[in-house]
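There are 2 protein chains.
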Amino acid sequence: MKGKTKSAAPGPLMTAGAGRGYTDYSRIFHPRRVAVAGVSREGVFSYGGSLVLSLQAMGYEGRIFPVNPKGGNFSGLEIFRRIEDIPENIDLAVIAVGAAAVPDTLEACRKKGAAGAEIISSGFSETGTPEGRALEGKIREIAARGIRVIGPNCFGIYCPGSGLTFLPNPDLSRQSGPVAFLSQSGGMASDFANMGKWMGVRFSKMVSFGNGADLRETELLRYLLEDGETGVIALYVEGVEDGEDFFAALREAARKKPVVVLKGGLSRAGGRALISHTASLGGDRVIWKSILKQAGAVQVEDLNEMAQACLAFSMLPPRACKGLSVIGGGGALGIAACDFAEFFGIDIPSFPADLKKNIENLLPRSGASAANPVDVANPYTPPETVNGILRLAAGDDRIDLQIMIFLFHHFRQIARTAGRPVGETIPFREFAEALEDAAKETGKPVVAVLSNAKRGLEDLDLVETTEKARQAFLDRGVPVFEETRDALRALAHVNAYYTRRGQGWDE
Amino acid sequence: MKGKTKSAAPGPLMTAGAGRGYTDYSRIFHPRRVAVAGVSREGVFSYGGSLVLSLQAMGYEGRIFPVNPKGGNFSGLEIFRRIEDIPENIDLAVIAVGAAAVPDTLEACRKKGAAGAEIISSGFSETGTPEGRALEGKIREIAARGIRVIGPNCFGIYCPGSGLTFLPNPDLSRQSGPVAFLSQSGGMASDFANMGKWMGVRFSKMVSFGNGADLRETELLRYLLEDGETGVIALYVEGVEDGEDFFAALREAARKKPVVVLKGGLSRAGGRALISHTASLGGDRVIWKSILKQAGAVQVEDLNEMAQACLAFSMLPPRACKGLSVIGGGGALGIAACDFAEFFGIDIPSFPADLKKNIENLLPRSGASAANPVDVANPYTPPETVNGILRLAAGDDRIDLQIMIFLFHHFRQIARTAGRPVGETIPFREFAEALEDAAKETGKPVVAVLSNAKRGLEDLDLVETTEKARQAFLDRGVPVFEETRDALRALAHVNAYYTRRGQGWDE
């Protein structure tokens, strides 16, 4: 954790909650003392036990106080019988006890000075029963007395900078980054955290807030908008508590940072399903679309699109890139790139004759094309040629960004012919350097598409090499997408956001 | 090859070419004697050499006659100096010599009785030069005298039933299936063949026809429409030779078999790029959309969508499935499924109270939901429970098909806790059996979604297990998609096609 937990993180220490007094977010996201209620001695198979192990695996450096009425020891730590027995004040409580025991536990945590508590347990308003609703009402009452609650029925907080993690995820990335994610759904949050790890999306913090009895979308959005650790805000909402206030916060946030929103439950059947999921009210497809657009937020349709948009926002410069060059091997790929680009409002301008001629000098005589898209014809085009083409193409003033498409599966044949492992045949580190160098020298970002058509059991070495290549590209600041279409769609979101911001947000 | 090449395949032996005399397709797709022109003794690194090796690797059981002016031996075969020196008549010629030498070679093949020739070489009309165009003109003249030509500037034929394969692909699937693919682009054809292998799309034959100097989209479409080996026709076109005739053939074909079309070059820039690719003229986005719809063809926007549509058409029964049940772990997934289903015009009807109650009896008390979508809450729900839910849900008359969503990455935690490899922890064979059994017992197809959020270098074992699971599901007749959205989109294509066909194709 590189000592990041030793002092409070940058960002606002306190913000005013919506009439709920002050919230000490730094003690919630970067706690030095965490109580975990619900840890039995058979802990490996218990919720609370998994949480303790996950915190340890994530490198959380503060103190952990496991709590269970039976006492004992777990994973090198003394188990306290009651919250009250913990010898120190606590910053954050993680509550994973049965629903009926939650209110008393929460109250005890409040008395122990906790700034916040995440309630992992379910069995509240999402059940639709009077008992569930009553228990959730009690949670609200206690929260109003001065402890901020995340949940219930949630996965809580993932914050790589402090080592907090979602329940079943001791192996999320420990690297921090600019993307924050707020999610009503724990599954969505956990999936995004897992996907982000290999895709290269790095997070400042994630909050899965489930039923959102206390802290939820609007208030957390206002916090993130001021949070110095967060540069991009992503949001999964099913329903919102106070539409008007949410819209105001969204507008405010989008004026300062890109905000990417996935709205679940847009359909009638989806609306029905979400009532049993987090007890929210849904909304209409058209209304949501126009609300999000008016607020200046970026709307996406699924988690893949969200992750890709966040990758683009976090790795590309904060400006629109309207004109593109596309370089790859294979004419149909270039044609497809043009078709998608036009659909997404992106221009792929034809190169002037002199530039075409210069690029032609780097290409094989037969089968290649130096127009934009550039068809290098040979899938084994060496890194220095790729670098040369990128440097030349960047000379065209209309080019703001370049996309390089790699088809690594073609190296299978080269590897076979040469009798070498495919991982040694693909010069992916040199390609990564070639792209980084071109981007740095020309000031125009380069995006890589790593497409792999061979993904069966006999091609796992190619799958592995593609993943290694992805990491090498990401390490050098080159964002990676699996399909050209994905790259263009993400770029279209970046363009739409910064174009709108540049126009001063007039509605 | 299970002796498949020993006799000519079923299907029409001869069909009338468009004014070009008779075409013996069975000698072209299932040849017993193939000449490969352009095989040097340094063959491993030559085009022609790779082709010979690929044919051998694919298990082609007929005779191969390598040809090169220098003579010698290659891979256990005598190299003939000239086509004329081959001691027997040939069925098919594969021509991979320099462009200038192509016409003479082709004429020699014609005289040797070849029914067809695939010309892999480039350097013809796609170059845009008078020389290139003149050479292609010569090819047309020779073809008109009685040898059918595929190409030039193409990858030729992939036909798993006979062992013919594209150039750089000795490792394409050797299993035959119902999907035929015609493609102007060799890259697209090769990518589809590679993707199909692990996705479970099996091919009767693929033809990459490149510049299409002789045999091309319209004539091949008419052949496939009668071909007994082909049940689904897929098509990648950039431009067509004779729009009216193509449209007529498309209409005819779509009335008999599902036809899936990917049109490249819909944009202005895409149109520009395709001129240098295969020397075709593009077309307008709106015109193509309406033409394809009128013809009753299914239009897709990229190769992924095409492959997924072909998987659905080849594995699902030939009818529309309007009402669905969706079963999975996690509320947000169900909500997303509903949102996409509505978008694609598919219904996910809410279950009646008694059915809900019966399903509830199989689910955990907390966090689950027995409405449709069914949220099983626990990602480790055992196969027999999954089977039970599927059997119950099929009892609702409105359900035509069921989607089961698996999130195998959750098993990582189980595997860690149990100290076992993740591959042993996921009962994927039992899941496959549970789904196959439910489909067979109820007569309602079951589709699996195998979603894996953990795909980084430390999770390659999970990637491998997911691939093994995919094959186990496919082996039991259960089509597999990576995302629920993909499954629903493919299903929407199936529904649109059969609904239209059921309505008697009135325009």
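Chains A and B, in that order, give the protein sequences. Just so we're aligned, residue 1 is where the first sequence starts under the working numbering, counting upward by one. Just so we're aligned, residue 1001 is where the second sequence starts under the working numbering, counting upward by one. Yeah, the Cβ is synthetic: ideal placement off N, Cα and C, and Gly gets one too. For clarity, every value in this text was computed on a predicted model and none was experimentally measured.
- For the C-beta of valine 463 of chain A, the chain B residues within less than 8 Å are, from N- to C-terminus, Leu1460, Val1463.
- The DSSP-derived three-state label of leucine 1167 of chain B is coil.
- Sixteen is the threshold: when 16 or more other Cβ atoms of the shown chains lie within 10 Å of the Cβ of arginine 476 of chain A, as they do, the residue is buried.
- Assignment of arginine 81 of chain A by DSSP, reduced to helix, strand and coil, places it in the coil class.
- Separation of phenylalanine 246 of chain A and glutamate 118 of chain A (C-alpha to C-alpha, rounded to the nearest whole angstrom) is 22 Å.
- Residue pairing from DSSP places isoleucine 1119 of chain B in a beta bridge opposite B:Ile1095.
- Apart from sequence neighbours up to five positions away, the residues of its chain that approach proline 1066 of chain B with a beta-carbon distance below 6 Å are Val1036, Val1039, Val1052, Phe1074, Leu1077, Ile1079, ordered along the chain.
- At a cut-off of 7 Å, the C-beta of aspartate 1284 of chain B has no neighbouring C-beta in chain A.
- Nearest to glycine 331 of chain A by C-alpha distance, out of A:Arg319, A:Ala371, A:Asp302, A:Ile90, is A:Ala371.
- Among the CB atoms of chain A, one or more fall inside 7 Å of the CB of isoleucine 1335 of chain B.
- Here the alpha carbon of isoleucine 142 of chain A sits roughly 17 Å from the alpha carbon of isoleucine 120 of chain A.
- Along the segment 137 to 184 of chain A, the beta strand (DSSP E) occurs as fully enclosed runs of 3 or more residues at 148 to 150, 156 to 158, 176 to 183, listed in sequence order.
- For arginine 1500 of chain B, the uninterrupted alpha helix (DSSP H) segment begins and ends at 1484 to 1502.
- Annotation note: the segment 273 to 356 of chain A contains the following uninterrupted beta strand (DSSP E) runs of length 3 or greater, listed N- to C-terminal: 298 to 300, 324 to 328.
- In the structure shown, the three-state DSSP call for proline 479 of chain A is coil.
- DSSP, read as helix, strand or coil, puts arginine 1365 of chain B in coil.
- Between lysine 1454 of chain B and chain A, the shortest Cβ-Cβ separation is below 7 Å.
- Comparing alpha carbon positions, the residue from B:Tyr1025, B:Thr1442, B:Arg1489 closest to glycine 1228 of chain B is B:Tyr1025.
- Under the 7 Å criterion on CB atoms, arginine 255 of chain A is classed as non-interfacial with respect to chain B.
- Glutamate 430 of chain A and leucine 450 of chain A do not touch by the CB rule: their CB atoms are close to 15 Å apart, not below 8 Å.
- Remark: three or more beta-carbon pairs, one from each stretch, lie closer than 8 Å, so the segment 198 to 207 of chain A and the segment 307 to 316 of chain A are flagged as touching.
- In summary, tyrosine 22 of chain A is exposed, with fewer than 16 beta-carbon neighbours lying within 10 Å of its beta-carbon over all protein chains present.
- Scanning its chain for C-beta atoms nearer than 8 Å, with the 5 sequence neighbours on each side dropped, one finds around arginine 1222 of chain B the residues Thr1015, Ala1249, Glu1252, Ala1253, in chain order.
- For valine 207 of chain A, the enclosing beta strand (DSSP E) begins and ends at 203 to 208.
- If you draw a straight line from the Cα of aspartate 486 of chain A to the Cα of methionine 306 of chain A, it is about 11 Å long.
- Against chain B, the beta carbon of serine 176 of chain A has no neighbour under 7 Å; the closest one sits roughly 17 Å away.
- When DSSP reads this structure, valine 1447 of chain B sits in a beta bridge with B:Ile1403.
- Rounded to whole angstroms, the gap between the alpha carbons of proline 1031 of chain B and arginine 1416 of chain B is 54 Å.
- With the criterion set as a beta carbon lying under 7 Å from some beta carbon of chain B, the members of the segment 181 to 203 of chain A are Ser185, Gly187, Met188, Asp191, Asn194, Met195, Lys197, Trp198, in sequence order.
- Note that the C-beta distance between lysine 1468 of chain B and aspartate 1400 of chain B is not below 7 Å.
- Minimum Cα-Cα distance from glycine 1328 of chain B among the listed residues B:Ile1064, B:Ala1418, B:Pro1373 corresponds to B:Pro1373.
- Setting aside the 5 residues that flank it on each side, proline 103 of chain A is surrounded in the same chain by Leu135, Lys138, Ile139, Ile142, each with a C-beta closer than 7 Å to its C-beta; the list follows chain order.
- Residue contact with chain B for glycine 38 of chain A: absent (no Cβ-Cβ distance below 7 Å to any residue of chain B).
- Less than 7 Å divides the Cβ of serine 1208 of chain B from the Cβ of serine 1183 of chain B.
- When CB distances to chain A are screened at a threshold of 9 Å, the residues of the segment 1287 to 1308 of chain B falling below it are Glu1301, Asp1302, Leu1303, Asn1304, in chain order.
- Residue-level contact by beta carbon holds for glutamate 1467 of chain B and chain A, with a gap shorter than 7 Å.
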